[in-house]
Amino acid sequence: MISVTKLNGSQMWLNALMIEAVEETPDTYVTLVTGKRIIVLEKAAEIISMVKEYYSEIGIHAATIKVQQTEEWS
C-alpha cells in the first residue's frame, strides 16, 4: 500500500497493485484497474516512485527483472 493525500488533506492508502495509470493535468489523477479515478495532491513522479519502492519491498521488481533476463536469453 502507498500513502496519498486527497484534495481535502486527508490521507488515503492505495493498493499499488491496483493502479493502472497516473496522469498529471495539472491535477494528479490516479486511475485504478476498477476504473475509479482519484485526485491526489502528490505529483505523478512521487506516485511512481512510491509504487516502484513498494514493488521492490514485496519482491515484484526483482521477479520482473528475472523474467526480462530469461526472455532476452531465449
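Using this note's numbering, the letters of the sequence shown correspond one by one to residues 21 to 94.
All residues carry an ideal CB built from backbone N, CA and C; glycine is no exception.
Range of the contiguous beta strand (DSSP E) that encloses residue i
i, result
"A41", "I39 to E44"
"S23", "I22 to T25"
"V50", "T48 to L52"
"L61", "Unbroken run through L61: none, as it is neither H nor E."
Rounded Cβ spacing between residue i and residue j (contact assumed at less than 8 Å)
i, j, result
"M38", "L52", "5 Å"
"I59", "T48", "7 Å"
"V50", "I68", "Actually they do not touch by this definition, with Cβ atoms about 11 Å apart."
"V24", "E62", "6 Å"
heavy atom of the ligand ZN below 6 Å from residue i C-beta
i, result
"V50", "As far as ligands go, the structure on display features none, and thus does not contain the ligand ZN."
Local Cβ density within 10 Å of residue i, reported as buried at 16 or more and exposed below that
i, result
"A41", "exposed"
"L34", "buried"
"A36", "buried"
Opening and closing residue of the alpha helix (DSSP H) in which residue i lies
i, result
"V71", "A64 to I78"
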